[in-house]
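Quick note: the sequence shown uses our numbering, first residue 17, plus one each step.
Each residue gets a CB set at the ideal place from its N, CA and C atoms; glycine is no exception.
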Amino acid sequence: MAGKRCIISLPRSARKWLFPGLGAAVMLIFLAVWLMGRIPALPEADQRLKDAASSLPRYDVMLRLNPQAHTLAISQQLDYSNATPDTLSSLVLRTWLNAYETEESSPAATEELYDVCYYAGFSPGYLTLQEITWNGKAAAWRYLDKEKTVLEIDVDPLPPGEGGVLSLRAIAEIPACAHRTGYTENAYQLSHVLPLLSRYEEGAWRQDAYCAVGDPFVNDCANFSIRVYAPDDYLPVCSAPLERQQDGSWQGEILAAREIGLCIGKGYYQQKALHQGTLICSYARNQAGAKRALEDAKKAIETFSVLYGDYPWPSFTVCSADFPFGGMEYTAFCLASEDYYLESQADTLELIIAHEAAHQWFYALVGSDQWYQPWQDEALCEYATLRYVEKRYGQGSFNTLKFYRVDSPMQEVIPGSLTPGSPIDYFGNLTDYSVVVYGRGAALMIALNEMLPQGADDFLRAYAEKFAFSFADRQAFESFLQEYSGMDLAPLLLDYLDTIMMGENTNERVIA
Ligand SMILES: [Zn+2]
17 MAGKRCIISL PRSARKWLFP GLGAAVMLIF LAVWLMGRIP ALPEADQRLK DAASSLPRYD
77 VMLRLNPQAH TLAISQQLDY SNATPDTLSS LVLRTWLNAY ETEESSPAAT EELYDVCYYA
137 GFSPGYLTLQ EITWNGKAAA WRYLDKEKTV LEIDVDPLPP GEGGVLSLRA IAEIPACAHR
197 TGYTENAYQL SHVLPLLSRY EEGAWRQDAY CAVGDPFVND CANFSIRVYA PDDYLPVCSA
257 PLERQQDGSW QGEILAAREI GLCIGKGYYQ QKALHQGTLI CSYARNQAGA KRALEDAKKA
317 IETFSVLYGD YPWPSFTVCS ADFPFGGMEY TAFCLASEDY YLESQADTLE LIIAHEAAHQ
377 WFYALVGSDQ WYQPWQDEAL CEYATLRYVE KRYGQGSFNT LKFYRVDSPM QEVIPGSLTP
437 GSPIDYFGNL TDYSVVVYGR GAALMIALNE MLPQGADDFL RAYAEKFAFS FADRQAFESF
497 LQEYSGMDLA PLLLDYLDTI MMGENTNERV IA
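Next comes the structure, spelled out in structure tokens:
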């Protein structure tokens, strides 16, 4: 045997090291196999998700982070088939990053956010487009708005049902900004950096402005394949669980997602678990906090799956972030503020994760008009968070939370004519937005819960099933509510969503 001859021919000193060395190698192999067995594998997408994905546009994205220059090189291909009823002569992508270019247009440069976000003074973020082609030929393009967030690209006339490939290369300059997009000491928060298709409605592409308050993003679902190159000390974390490739890049896929939530950071502790068929992942710079977030995410996905139907994607990831919000939702992914990863903030972190997990049903699964009717995802998620607390911790905890998050907002005096049914550009600050849209909006769901014989959860479950991977505007919500209940609840919705409350000591109310 060749192996035996080889060992015998070795000098005595080498033999002394060889046997322990072989032993160590065998141990390492056993350790690797054991560890692989312990790292939960990504479950396969279920048939419902595959069916939903079968007719969607597909993005193939390659990203390369350069931390020295604070840039992200983007190369993406969009395989698009015209699913609108109209012949299209152009496509519109949203280039939200350009809003960060000036202090006038940046969503982080408001009075209440500026000092918290721009930790080193104002820092511009923008996209430099290098090449855009449609079916391999250079395509004409232009920005339609002053802020350069509406990118129109000409295509050959595209009748319904026909398609093509849009390729785009760009360099994203990432701002030094602790906001949903920007970099801080340890991480690049890169959501909404990719130029994605706008939503086409009633013969036109939407061109909503990037408001500082609320979430201005209104997207339809698409399939994404993403490959990320980053220096070895950085770890990319995103909506699509990423696996390390032989060339050092990270690669992953997600079906039927409204966008890609993405962070590329240093020093993350990772926690992963397969829980009831879903791979739950947690990334944070605080090891104990990462464990708590993992458990919170498991509980939230489990609870909402029972209440509102099975969780749709194979994975759900929570990643800590440095920004002035409690949390931020993306498909199969959410950010939670690092401030709440301390043990003393464990209860708050749990509520943040519950709220963001609820968005997986009311935002990611059922899209709604976040710009004109922000209550339709935020108020539903606040109500779901209350139900989470009730299911997990009982009626007393529900009542306490309801007092702070719903009853108190109903009593507060809010200046101006704001109602939960107001569009996001009506709101001047995050506090008013939270009180009116989250708190008073959730009061509608509590009222509905009392009116509906089967309760609001049963309605929301039917709503999530009816509009899964699709879009429900307010009219669709109201029509389906009437169809589901057989009741005319329009006056109730008008009362809660469109009625200005004049203050705690008056019964005067005005329809907005
Ligand atoms: Zn929310």
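Answer with yes or no whether the minimum CB distance from residue i to chain D is below 7 Å.
i, result
"T118", "Included in the structure is just one protein chain, with no chain D present."
Quick one: does the C-beta of residue i sit closer than 6 Å to a heavy atom of ligand 1?
i, result
"C279", "no"
"C397", "yes"
"E394", "yes"
Exposed or buried, what is residue i when buried is set at 16 or more other beta-carbons lying within 10 Å of its beta-carbon?
i, result
"S424", "exposed"
"R456", "buried"
"L129", "buried"
"E520", "Confidence at E520 is low in this model, with a pLDDT of 48, below 50, so its placement is unreliable and the value that follows should be read with caution. Classification of E520: exposed, given that the 10 Å Cβ count is below 16."
"N235", "buried"
"F419", "exposed"
"N114", "buried"
"P176", "exposed"
"M503", "exposed"
"D224", "buried"
"Y409", "exposed"
"T333", "buried"
"K162", "exposed"
"A85", "exposed"
"S433", "exposed"
"Q92", "buried"
"P123", "buried"
Pull up the distance between the alpha-carbon of residue i and that of residue j, whole angstroms please.
i, j, result
"L510", "R274", "29 Å"
"N98", "L104", "8 Å"
"G268", "Y500", "39 Å"
"N10", "Q261", "Since the first residue of the chain shown is 17 and the last is 528, residue 10 is not available in this structure."
"A192", "L65", "37 Å"
"L513", "F339", "29 Å"
"Y159", "F233", "18 Å"
"M344", "Q63", "28 Å"
"E398", "A154", "46 Å"
"V382", "A488", "7 Å"
"Q386", "V452", "14 Å"
"K288", "E201", "25 Å"
"F320", "P328", "11 Å"
"A61", "P330", "6 Å"
"W266", "H371", "29 Å"
"P257", "G412", "38 Å"
"A156", "K407", "55 Å"
"I242", "V77", "5 Å"
"Q491", "P507", "14 Å"
"I516", "F341", "26 Å"
Pop quiz: residue i and residue j are said to be a contact at Cβ under 8 Å. What is the actual Cβ separation, rounded to whole angstroms?
i, j, result
"R308", "P211", "Actually they do not touch by this definition, with Cβ atoms about 36 Å apart."
"Y357", "L351", "The pair is not a contact, with the Cβ atoms about 12 Å apart (cut-off 8 Å)."
"I440", "G230", "3 Å"
"S353", "A337", "6 Å"
"G277", "Y199", "Actually they are not in contact, since the Cβ atoms of G277 and Y199 sit about 16 Å apart, beyond 8 Å."
"Y245", "L143", "Actually they are not in contact, since the Cβ atoms of Y245 and L143 sit about 18 Å apart, beyond 8 Å."
"I190", "L88", "6 Å"
"T401", "L367", "6 Å"
"P529", "G293", "In the structure as shown, the chain begins at 17 and stops at 528. Residue 529 is therefore absent and cannot be evaluated."
Using a Cβ-Cβ cut-off of 6 Å (strictly less than) and excluding sequence neighbours within five positions of residue i, which residues of its own chain qualify?
i, result
"Y299", "V253, Y284, Q286 and C335"
"A125", "E119"
"L476", "Y324"
"F485", "A68, C237 and A272"
"P390", "G230, I440 and V453"
"F378", "D393, L396 and C397"
Can you give me the Cβ contacts of residue i inside the same chain, cut-off strictly under 7 Å, excluding the 5 residues immediately before and after it?
i, result
"R403", "L323 and D473"
"S106", "E168, I169, D170 and V171"
"T100", "P176 and Y216"
"A459", "V422, M426 and Y512"
"V209", "L88, L113, A188 and T197"
Which same chain residues, not among the five before or five after residue i, have their C-beta less than 8 Å away from its C-beta?
i, result
"E178", "S97 and N98"
"Q12", "Here the chain covers residues 17 to 528 and nothing more, so residue 12 does not appear."
"Q376", "I317, F320, Y327, P328, W329, F332, E345, T347 and A348"
"M52", "Its pLDDT being 48, under 50, M52 is placed unreliably in this model, and the value from its coordinates should be taken loosely. None."
"P247", "L81 and P83"
Given 6 Å as the limit, tell me if residue i has its C-beta closer than that to any heavy atom belonging to ligand 3.
i, result
"L358", "Although ligand 3 was asked about, the structure shown includes only ligand 1 as ligands."
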